[in-house]
Structures are given as C-alpha cells and as structure tokens.
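Asks:
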Amino acid sequence: MRDLPVTGTARFPEARPTLAVAELLRAGMVGLVVMLGALPVLSMDPVGLAVAVIAYGAGFARIARIMRRTYPHQRVGAGNLVTLSRAALVAALLGAVTGGQAAGWAVAIVAAIGLALDGIDGWLARRAGLVSDFGARFDLEVDAALAFVLALHVLSGTAVGAEVLVLGSLRYLFVAAGRVAPWLRGDLPFSQRRRVICVVQIAALIFLVTPLAGDDLAIWTARLASAALVWSFAVDVAYLWRVRA
C-alpha cells in the first residue's frame, strides 16, 4: 500500500509518454496469466468467465492509456506489475460473484493473496527508483475495487445485508461527492490511520466471506468495520472543510 491517502482524489501531472507499446503489452500478459491462474480456484459458469475476461481487458486498456499519458518512467517496473496482478485477481473475483460462486474459502484465499501483495508493490517501486503518482493512484484504485467486489461477495453469499456495501462503496461515494463539492477534492496529508483502516476494511471483508463467520459475528464485524471506515472518512472530510479555500 503506497502513501497516497485512501480517501483522496489525487491527480497526476502530465508526463511525456515514454513507455513503449511492447512494454505495456508484456505487462498486460503478466496480468492475464495471473487472472487465468486464479480461475481454476474459483468455480464460475461461462458468464462469470466472460465477465472476468472483459473486466480485466477493459481495466488494462484504461490503465495502459493512463500510463502512456502520465507515467514518467520507461519501464513498467515490478511494483506496477504486482499492482496489475492484484487488479487481475479482482477481475477474477468479479467473475466469480457474477458466475455463481459467492463467498467461500476459494474467494477468501484469492482475496488474501491480493491483500498480501499490497504490502510489496510500493516497496518494489521505491527499490527500483520507479515511484510515481500513477503507481500510487493505481494501487489506491485496486484497493477500492477489491473492497467493492468483496462486499458483493458478502452480500450475495452470507447473512450480512446491504449494510456491507458501506465497506465497498464509501470511497466511490466520496469521489462522487467531490464532483458536487470541489473542496472535497483537496489534498490530504499522509495519515497512518488511513493505511490501517484500509487493511482493517479489506481484512474484515475477507473474514466475512469465509465460513468462520457465523451470522451474528458476521453482522457485527461488518458493522464495526463500517463504523471505523465512516469515522476515517469523517476525519478527512472535517479536515478538508477546515482548509477549504
């Protein structure tokens, strides 16, 4: 997880396109292999398989376009490859929930791998000297997408109700609110609190998709994690209100 705040709406500066198309295509193939490798673990029907492939393809096309426009380095780098692999796992999980497999151990294992990889992409980028605003934003968006897809799994495959969507959609609501209230698009200082709450958010969702969470425990876990996330966003909203122009 990189240092860009989970609740922020960071903008990256324009950079002269330096990435070769072949470099991007090689990166795309790495992500595709990761996604295809996750599919045997996740049982899904042909519709789910199609959703996974389309989601990854559409996501990679957008990522490649943004990288060509804003990424300042000539190599994709191992850090971005790890983040792209995490995005591929999210696409596979989306295919599973739309293709007949909601929640369960297989979903938890794939999601846990995605969460574990979140701890090394930033380190790899820093070690290689390939840190960028793009990489930080990419990492943030994959975190948000993973949380949203896991929330869909919890909603579809457990006793937890629609309240779990708070854990999956609050960042998107925050971004949408920023389009109406521009002061919400202000810069936020780095906060360890956001990093911890993000890990708690995704870890709670992973726990909720496992059979370990009985109905009552699952409901209270979802409520407590949602409360922590709402509090974190509220702290940032209050800060942005105080420093608004």
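So for the sequence shown, this note's numbering puts the first residue at 1; every next one is plus one. Glycine is no exception: its CB is placed at the ideal position from the N, C-alpha and C atoms.
Give the straight-line distance between the Cα atoms of Leu205 and Gly100, rounded to the nearest whole angstrom.
Replies: Translated into the one-based positions of the sequence shown, residue 205 becomes position 205. Translated into the one-based positions of the sequence shown, residue 100 becomes position 100. Rounded to whole angstroms, Leu205 to Gly100 spans 19 Å at the Cα level.
Asks: Which word fits Gly119, buried or exposed, when buried means at least 16 other C-beta atoms lie within 10 angstroms of its C-beta?
Replies: Against the sequence shown, residue 119 aligns to sequence position 119. Exposed, by the Cβ-count rule.
Asks: Consult DSSP for Tyr172 and reduce its assignment to one of helix, strand or coil.
Replies: Against the sequence shown, residue 172 aligns to sequence position 172. DSSP places Tyr172 in helix when its eight states are reduced to three.
Asks: Measuring CA to CA, which of Leu217, Leu229, Ala222, Gly186 is closest to Val196?
Replies: Counting from 1 along the sequence shown, the entry for residue 196 is found at position 196. Cα-wise, what sits closest to Val196 is Leu229.
Asks: Helix, strand or coil: how does DSSP classify Arg134 here?
Replies: If you number the sequence shown from 1, residue 134 lands on position 134. The sequence shown places Phe at residue 134, not Arg. Phe134: helix per DSSP, three-state reduction.
Asks: How would you call Arg127, buried or exposed, if buried means at least 16 neighbouring beta carbons within 10 angstroms?
Replies: In the sequence shown, residue 127 corresponds to position 127, counting from 1. Under this definition Arg127 is an exposed residue.
Asks: Give the straight-line distance between the Cα atoms of Ala103 and Val154, rounded to the nearest whole angstrom.
Replies: The residue you call residue 103 lines up with position 103 of the sequence shown. The residue you call residue 154 lines up with position 154 of the sequence shown. Those two C-alpha atoms are separated by around 6 Å.
Asks: What's the gap between the Cα of Leu115 and the Cα of Trp241?
Replies: Position 115 of the sequence shown holds residue 115. Position 241 of the sequence shown holds residue 241. Rounded to the nearest angstrom, the two C-alpha atoms are 32 Å apart.
Asks: Should Val107 and Leu42 be called a contact, given that it needs their Cβ atoms to be closer than 8 Å?
Replies: Mapped onto the sequence shown, residue 107 falls at position 107. Mapped onto the sequence shown, residue 42 falls at position 42. For Val107 and Leu42, yes; Cβs fall inside 8 Å.
Asks: Note the first and the last residue of the continuous alpha helix (DSSP H) segment covering Ala103.
Replies: Within the sequence shown, numbered from 1, the residue matching residue 103 stands at position 103. No alpha helix (DSSP H) holds Ala103; DSSP gives it neither H nor E.
Asks: Do the stretch 21-32 and the stretch 54-70 make contact, defined as three or more Cβ pairs closer than 8 Å?
Replies: Yes, they touch.
Asks: Report the CB separation of Leu124 from Val82 in whole angstroms; it is logged as a contact under 8 Å.
Replies: On the sequence shown, residue 124 is found 124 positions in, with the first residue counted as 1. On the sequence shown, residue 82 is found 82 positions in, with the first residue counted as 1. So it is a contact: roughly 6 Å between Cβ atoms.
Asks: Where does the unbroken alpha helix (DSSP H) through Ser232 begin, and where does it stop?
Replies: Within the sequence shown, the letter at position 232 stands for residue 232. Per DSSP, Ser232 belongs to the alpha helix (DSSP H) from 215-242.
Asks: Do Val225 and Leu167 have their C-beta atoms within less than 8 Å of each other?
Replies: As a first step, residue 225 is located in the sequence shown; it is residue number 225 there, counting from the start. As a first step, residue 167 is located in the sequence shown; it is residue number 167 there, counting from the start. It should be noted that the sequence gives Ala, not Val, for residue 225. It is a contact, given that the beta carbons lie within the stated cut-off.
Asks: Here's a check: name, in chain order, each residue in its chain whose Cβ is nearer than 8 Å to the Cβ of Ile109, leaving out the five neighbours to either side.
Replies: Here residue 109 refers to the residue found at position 109 when the sequence shown is read from its first residue. Val41.
Asks: Could you compute how far the alpha carbon of Asp139 sits from the alpha carbon of Leu117?
Replies: In the sequence shown, residue 139 corresponds to position 139, counting from 1. In the sequence shown, residue 117 corresponds to position 117, counting from 1. Roughly 11 Å separates the two Cα atoms.
Asks: Within the same chain, show all residues whose beta-carbon is closer than 8 Å to that of Gly95, passing over the 5 residues directly before and after it, in chain order.
Replies: The sequence position of residue 95 within the sequence shown is 95, counting from 1. Around Gly95: Leu39, Leu42, Met44, Gly48, Leu49, Ala50, Val51, Ala52, Val53, Ala55.
Asks: Considering only C-alpha positions, which residue in the set Thr70, Ala111, Ala92 is nearest to Thr210?
Replies: The residue given as residue 210 occupies position 210 in the sequence shown. When only C-alpha atoms are compared, the closest one is Ala111.
Asks: State the DSSP-derived secondary structure class of Ala78, mapped to helix, strand or coil.
Replies: Counting from 1 along the sequence shown, the entry for residue 78 is found at position 78. DSSP places Ala78 in helix when its eight states are reduced to three.
Asks: Tell me whether Phe190 is buried or exposed, calling it buried when 16 or more other Cβ atoms sit within 10 Å of its Cβ.
Replies: Numbered from 1 along the sequence shown, position 190 holds the residue referred to as residue 190. It counts as exposed.
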